[in-house]
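Asker: First the structure, then my questions, so here it is.
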Amino acid sequence: MIEKNDHLKNAEALDILFRILHDIATKYYSEFEGVNKLIEKGKPFVAFDFAYIHILFRQLITLNCFGAIKEFTHWNSCLYSAIKDSPEFRQLNQDLPYDYNSRRIVIAKRYIYRLLPEKYKSADDKLPYASDKEILERMKSKNPHLETLLDKLGLKS
Numbered sequence: 236m237i238e239k240n241d242h243l244k245n246a247e248a249l250d251i252l253f254r255i256l257h258d259i260a261t262k263y264y265s266e267f268e269g270v271n272k273l274i275e276k277g278k279p280f281v282a283f284d285f286a287y288i289h290i291l292f293r294q295l296i297t298l299n300c301f302g303a304i305k306e307f308t309h310w311n312s313c314l315y316s317a318i319k320d321s322p323e324f325r326q327l328n329q330d331l332p333y334d335y336n337s338r339r340i341v342i343a344k345r346y347i348y349r350l351l352p353e354k355y356k357s358a359d360d361k362l363p364y365a366s367d368k369e370i371l372e373r374m375k376s377k378n379p380h381l382e383t384l385l386d387k388l389g390l391k392s
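If you want our numbering, it's the position in the sequence shown, counting the first as 1, plus 235.
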């Protein structure tokens with residue numbers, strides 16, 4: 236019985252983390268968005284850098300949700316690698332624009348959404364920082380006839 240409760244506790248903890256990340260990623264500004272902007276240049280923002288996630292993660296340690304901690308830490312490492320290796324992030328670090336931190340947040344939000352488990356995504360999600368390709372893919376997922384139309388018009392999708 237204890238194992239079952241621990242499993243439920245870990246599953247619920249992960250669910251809360253991913254739901255907050257969904258909110259961060261799908262809103263132009265979120266009450267969960269407070270981010271540690273002291274991360275040195277050249278390093279991407281990841282889930283742990285958002286204040287609510289950091290605080291919640293510390294609470295999970297206190298609650299001994301070690302299964303959730305291990306799984307979320309692995310997910311966050313995958314997020315770090317995906318952002319670090321992305322063309323957007325490499326370009327950002329070459330350009331070093333005046334709004335560097337704002338752009339790092341945009342890239343983080345974009346990749347957080349991409350890597351969220353599918354059960355936290357919806358075709359109705361509004362992605363304020365989506366690329367044109369992502370918008371087109373979402374439109375095609377909502378309307379399968381769009382692919383046929385694009386092919387008939389000779390447009391690449």
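Yeah, the Cβ is synthetic: ideal placement off N, Cα and C, and Gly gets one too.
Val270 by DSSP, collapsed to three states: which one?
Answerer: Position 35 of the sequence shown, counted from the start, is the residue given in the question as residue 270. Three-state result, Val270: strand.
Asker: Could you tell me if Cys313 is buried or exposed, where buried requires 16 or more neighbouring beta carbons within 10 angstroms of its beta carbon?
Answerer: Translated into the one-based positions of the sequence shown, residue 313 becomes position 78. It counts as exposed.
Asker: Tell me, please, which residues DSSP counts as bridged to Phe285.
Answerer: The residue labelled residue 285 in the question sits at position 50 within the sequence shown. Val270.
Asker: Within 10 Å of its beta-carbon, does Leu351 have 16 or more other beta-carbons around it, so buried, or fewer, so exposed?
Answerer: For this step, residue 351 is matched to residue 116 along the sequence shown. Looking at its Cβ environment, which holds 16 or more other Cβ atoms inside 10 Å, Leu351 is buried.
Asker: In angstroms, rounded to a whole number, what distance separates the CA positions of Leu384 and Leu371?
Answerer: Here residue 384 corresponds to residue number 149 of the sequence shown, with the count starting at 1. Here residue 371 corresponds to residue number 136 of the sequence shown, with the count starting at 1. Between Leu384 and Leu371, the C-alpha separation is close to 13 Å.
Asker: So, does the stretch 330 to 341 touch the stretch 244 to 252, judging by three or more C-beta pairs under 8 Å?
Answerer: At 8 Å Cβ cutoff, the stretches do not touch.
Asker: Let me make sure I understand the geometry here. Which of Leu390, His257, Lys387 and Asp359 has the alpha-carbon closest to that of Ser376?
Answerer: If you number the sequence shown from 1, residue 376 lands on position 141. For Ser376, the nearest C-alpha among the options comes from Asp359.
Asker: At the level of alpha carbons, what is the spacing between Glu323 and Asp330?
Answerer: Taking the first residue of the sequence shown as position 1, residue 323 is located at position 88. Taking the first residue of the sequence shown as position 1, residue 330 is located at position 95. Those two C-alpha atoms are separated by around 11 Å.
Asker: Exposed or buried, what is Asp334 when buried is set at 16 or more other beta-carbons lying within 10 Å of its beta-carbon?
Answerer: Residue numbering aside, residue 334 sits at position 99 when the sequence shown is read from its first letter. Exposed is the call here.
Asker: May I have the straight-line CA-CA distance separating Leu390 from Glu353, to the nearest angstrom?
Answerer: Position 155 of the sequence shown, counted from the first residue, corresponds to residue 390. Position 118 of the sequence shown, counted from the first residue, corresponds to residue 353. Near 28 Å, if we compare the C-alpha coordinates of Glu353 and Leu390.
Asker: Please list the segments of the alpha helix (DSSP H) lying wholly inside the stretch 283 to 338, counting only runs of 4 or more residues, in order along the chain.
Answerer: With a minimum length of 4 residues, the continuous alpha helix (DSSP H) runs that stay inside the stretch 283 to 338 are 286 to 297, 301 to 319 and 322 to 330.
Asker: Looking at the secondary structure, which residues open and close the alpha helix (DSSP H) in which Leu385 lies?
Answerer: Position 150 of the sequence shown, counted from the start, is the residue given in the question as residue 385. Element bounds for Leu385: His380 to Lys387.
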